Structure formats: C-alpha cells, structure tokens
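Have a look at the structure below, then the notes.
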Amino acid sequence: MKVLEDLIAPAFFADLVSRLIAFLISRYSNRACFEETAIKLELLVLKIHAVIQEAEHRHIAGNQSLLLWLKKLMKGMYQAYYVLDSARHPQDDQYTNSVMTSGRSLNLSRFCCPAKRPRTVATDCPVNNYGSIHQLSSTLAFLEDYSANLRDLILLLACCPPLPIRQPVSDFLSDERNMFGRRVEREQIISFLMQPGNHLGVLPIVGGPEVGKGTIIKHVCNDDRVRNCFDMILYSYGSILQANPADDVLETLTSHGHILHQADVSTSSLHRKHLIVIKNTYEVVIDKVAWATLCASLRSIGNGSKIIMVSENDNIKDLGTTGAMRIDPLLQEEYWYFFRSLAFGSGSSILEEHAGLAVVGRQIAAALHGSLFGAKVLGRLLRANLDEQFWHTMLNTVYRFHEVMQRDKYFTKLSIARVALKVLPMPLRLKSASQTGESSEVPGIMVQELVAGSVLPVEKEMEVVLWESAYQPSYRYTVVCERVEKPHCSATKRMKQK
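The sequence shown begins at 1 in UniProt numbering and counts up by one.
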C-alpha cells in the first residue's frame, strides 16, 4: 500500500502541475493572439474608412464599377466594426438576445437586477461567441481580400474630379445635415439625374416603410451637382395625382408642394429643366390621365426634365423609363454603427469610458429592428444620459414594446414616441402625436432636455419635440402630453396616522 502511495501521489501531482502550466500558457497565448488580431483588424478597418471618406469628396456618380467596389468595402468595414465591438465588449450567455426570434418570450426580470448586469471588461479572451479569435481572424482574412488592391482604388479615386464644395460625409457626426451611409444609392440616383439627353426620365424608387427613402432623396436634391443641373426642384405628393384634375397638373403639384431649388435665371418658365420628386403612399393609386398630363407638360416646357417617384408600392415600377431602384433596410452591422454613432458619438472615447453600455446598446439596437426613427430619437436620449440604470430601463421598455408590436414587424413612429415618454424621469401621458411640415411658432421642449433635466416643465400640458429634420421639406415630429401626478400611497398615510 505504501509503495502504491509513493508511486501514485508524485504522478498525480506531476500531472496536475503540468496541466496547470499548460492552462496558463494557453491562456496567455490566447489572450496575446486575441489582442494582436484585434489590433490588426482595427488598423485595417481605419485604413479602409479613410479611403471611403476620401471617396465622399470625389465625383464618382458615373462609375458604376467603382461604386460597387466601394459598396463591398463599406459592407466589410461595418462588419469589422461590429465584430470588434462584440469582441471587446462581449455579453454573457444569460444576456443572449433572443428578442428577434418569433414566438419566444423574454424574461425581462433578469435585466432589472443590478447584480446580473453584463460583463463589461474583456480581460479574458472570449471563446465560442461572435467575438472569438476565430471570428476576428475570419473577418480579418476577408477584409484583407477586399482591400488587397486598395492602392489601385486610391489611384482611381485620384483620377476622379473633386467636388467643388465638400459634401457632408456619410458618417453621422454632430451635424444633422450629415447623412449616414447610402453613398452608392445616392450616387446612382445622381448619375440618373445627370444623364444627358432631351427625353423625359422617370426613376421609380421603392422600399419598405422607414428605410430612409425620403432622406436619401432630400440629400440628393441638396447636392450642388443636382442643383446646378436643374432650374427648379419640386417636392410634391402623389395624392394630387390620385384623381384627374381639370386644371394643370404641374401647376397643382407646384402649389401644393415645396420648391427646394429655383435658379435665378431670365429664362422663361416655359423653357426650364425641372426635377420633380413625388412622394407617394402605399394606398394611393396614380390616375393614368393625370400622369399622362403631367408628363406632357414637362415635355412641353423644356428638355431633359426628370421625375423621381418614391413609394412603398411596387406598382409604380410601371411608370419608370428605367429600372426601379429598391432601397433595402440597413444590415445589422450597418445599423449598429449608425446607432452607436448616435448613442456614443463618432469617436470611441465615450465608448471606452462607458464600455459597460456597449452590450446594452447592441441589444437595444437589435430590438429596434432597423428603425431609423427609433435610432435617431432613442439614441439621442441615451446620449443625453449615460447612466447604466437608465440604459437598462430603455432596454426593458423597448423589449416590452417589441413584444406588443410583433404583428407590425417594425416600430412605428408612434410606438417610438411611447417608448421615449416611458423612460422620462417624470410620468407623462400621451394625448396626441403629429408630424407637421412647418415649424410651430411655439418652439416646444426637446425630449433630450427632459432627460438631461435642463428644462423642468411648468405647465400641466406640454408639447415635446422628438425629432426635427434639417433639410427641406422640413418637418418635426411632436407629441402633446400631460403630466401625471404620482398617486399618494394611502397605506403610507395610514401608517403615519398610527
């Protein structure tokens, strides 16, 4: 027996020590590999980002091959940013986001307990998740393939003429006039508008609700290249073409629309080049006679006029003189970068200072299901209050509304307004919501001011501004709400009386 002990004990301890040494070596090696791969990926994506920003200042509308090349690079860039954020700020398995899985319920109580907040510091190398070494390595590999000929792309961009006035970059900064992404779509539309010729051109643009069709068109109409190409740019509505009016259709569109640009020229209005943008709703059916009358009027007043039809209804494809353009929702990685820019800013300093909020932010972004209006409104609310408990409150509220809105498959503007009011520090009851085309004489209270506490409402009923667009035709989305007095607890009163 003593012989067995003398043989087994040393062997057991030797095996234990060797396993411990192997574990420590593997742990250090994995961490070093993780950090090295992450740094390489970050440097590469920053290089690609710089090239894409330079492309913003070049006239490349007519080069379709170059646009497709940039589109692939942008897709890889957003995916790389998503992978880096997921790797550096991983979430625990208990926080795996299952909100997008249909028919699966959520246990929201786990998000309310401070002891169960997500892990925020990535001191260990994450394994078996989206931010693992394997995911970083595979992302780095395909991004290296995409950027293999980056020098050739830079030379091609250098051959493209610079824009006379620096256009707003695609990344969202602090200026409302900057637009996120959609560079390829914008340049394709501009290429259509600048096509030479004397014929009337019609471009149908279709896409689902709240994917940014109108925003793209507003930025296109504000581009100096487009404004220099047309004598008048008109933004109007398809409901005017729903019936066959007796009067001049073009005059009716002009009187009920918004003139975004009008050149100061001595040329008669009967010989001008027009660009007409017609925003059409899903329900409106364009009257054939009214449409034919409009096209005849544009052909008679000048050569080379263009029409852009924007709608959720695919039936407008038949009106086009060219193939319809479809605007798809942002990919998950693109939407996260958009949401991240709004909630944390364009730099990474705030994100690093509040690393614990990155996990919560990704879950909020995933639950919003690509809602651009939701990112604009809720992202700014989160930016105004970087308190972790507030972010968890926002997460719980978005999840609850997502369960209620399952049948709609996307967040409407009204549902986003309800979420915004729910997370405010003071209880408010929504009375009405409206989207107005002109700014009201009463400025209203910005919702960010209520979150930050810089404005304290005095009146019982107030108008709160959730969003205000920068470009014409401008609109603001406001809600009228009233303060709700917190009910006094009768049980507490009875205890005090005793």
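The beta carbon of each residue, even a glycine, is placed where N, CA and C say it ideally should be.
Everything numeric in this text was worked out from a predicted model, so none of it was measured.
So for residue i, helix, strand or coil by DSSP?
i: Val284; result: coil
i: Gly207; result: strand
i: Val465; result: strand
i: Arg476; result: strand
i: Tyr237; result: strand
i: residue 499; result: Nothing in the structure corresponds to residue 499, since the chain is present only between 1 and 498.
i: Met194; result: coil
i: Lys317; result: helix
i: Glu482; result: strand
i: Ser311; result: strand
i: Ile276; result: strand
i: Leu424; result: coil
i: Gln448; result: helix
i: Gln242; result: coil
i: Arg182; result: coil
i: Leu372; result: helix
i: His258; result: strand
i: Leu430; result: strand
i: Leu70; result: helix
In angstroms, rounded to a whole number, what distance separates the CA positions of residue i and residue j?
i: residue 553; j: Leu421; result: Because the chain spans 1 through 498 in this model, residue 553 falls outside it and cannot be assessed.
i: Phe373; j: Ile133; result: 35 Å
i: Leu330; j: Gly345; result: 19 Å
i: Arg418; j: His392; result: 17 Å
i: Gly444; j: Trp467; result: 11 Å
i: His89; j: His57; result: 34 Å
i: Val451; j: Ser65; result: 46 Å
i: Ile307; j: Lys72; result: 29 Å
i: Asn396; j: Leu153; result: 45 Å
i: Ala263; j: Asp231; result: 5 Å
i: Met394; j: Ser297; result: 52 Å
i: Ile60; j: Met194; result: 12 Å
i: Gln435; j: Tyr399; result: 25 Å
i: Phe390; j: Arg429; result: 20 Å
i: Glu485; j: His402; result: 27 Å
i: Pro427; j: Arg483; result: 6 Å
i: Cys481; j: Pro209; result: 26 Å
i: residue 561; j: Glu36; result: It is not possible to answer for residue 561, since the shown part of the chain is limited to 1 through 498.
i: Ala122; j: Gln135; result: Note that Ala122 scores 39 on pLDDT, short of 50, meaning its location in the model is unreliable; the coordinates nonetheless yield the value given after this. Approximately 16 Å, taken between the alpha carbons.
i: Ile327; j: Arg182; result: 9 Å
i: Ile52; j: Phe180; result: 13 Å
i: Gly370; j: Tyr78; result: 15 Å
i: Asp463; j: Phe142; result: In the sequence as displayed, the identity of residue 463 is Glu instead of Asp. Approximately 50 Å between the Cα atoms of the pair.
i: residue 509; j: Gly304; result: Within the shown structure, residues of the chain are numbered from 1 to 498, placing residue 509 beyond reach of any answer.
i: Ile189; j: Val220; result: 8 Å
i: Val184; j: Arg383; result: 29 Å
i: Lys413; j: Asp387; result: 25 Å
i: Val249; j: Tyr235; result: 14 Å
i: Tyr337; j: Arg476; result: 25 Å
i: Val447; j: Arg299; result: 47 Å
i: Leu70; j: Pro425; result: 44 Å
i: Leu155; j: Asp287; result: 49 Å
i: Ile316; j: Met74; result: 30 Å
i: Asn149; j: Ser191; result: 25 Å
i: Leu253; j: Val284; result: 15 Å
Of the choices the options, whose alpha-carbon is the least far from that of residue i?
i: Phe411; options: Ile364, Met446 and Tyr475; result: Ile364
i: Tyr335; options: Val220, Ser311 and Ala367; result: Ala367
i: Ile350; options: Ala87, Asn385 and Leu70; result: Asn385
i: Ile45; options: Tyr81, Asn228 and Gln389; result: Here residue 45 is Val; the residue named in the question, Ile, does not match the sequence. Checking every option, the nearest Cα to that of Val45 belongs to Tyr81.
i: Ala55; options: Val83, Ala141 and Leu157; result: Leu157
i: residue 546; options: Tyr475, Gly214, Ser415 and Lys413; result: Residue 546 is absent from the structure shown; the chain starts at 1 and stops at 498.
i: Gly302; options: Ser236, Cys229, Tyr235 and Glu353; result: Cys229
i: Pro162; options: Ala148, Glu388, Leu260 and Arg225; result: Arg225
i: His258; options: Gln242, Ile276 and Val249; result: Ile276
i: Arg227; options: Val423, Asn198, Lys273 and Ser311; result: Lys273
i: Cys159; options: Gly62, Ala38 and Ser300; result: Gly62
i: Leu84; options: Leu67, Glu42 and Met74; result: Glu42
i: Tyr471; options: Val465, Gly76 and Asn222; result: Asn222
i: Gly238; options: Gly201, Leu67 and Ser311; result: Ser311
i: Arg340; options: Thr252, Lys218 and Ala375; result: Ala375
i: Ser138; options: Arg186, Lys460, Asp287 and Gly76; result: Gly76
i: Ala38; options: Leu378, Asp287, Val211 and Ala87; result: Ala87
i: Tyr282; options: Cys295, Ser469 and Asp314; result: Asp314
i: Arg151; options: Gly212, His199 and Ile48; result: Ile48
Per the DSSP calculation, residue i is bridged to which residue(s)?
i: Gly201; result: Lys306
i: Arg58; result: Pro162
i: Arg326; result: Val206
i: Met77; result: Bridge partners of Met77: none, in fact.
i: Met232; result: Gln262 and His274
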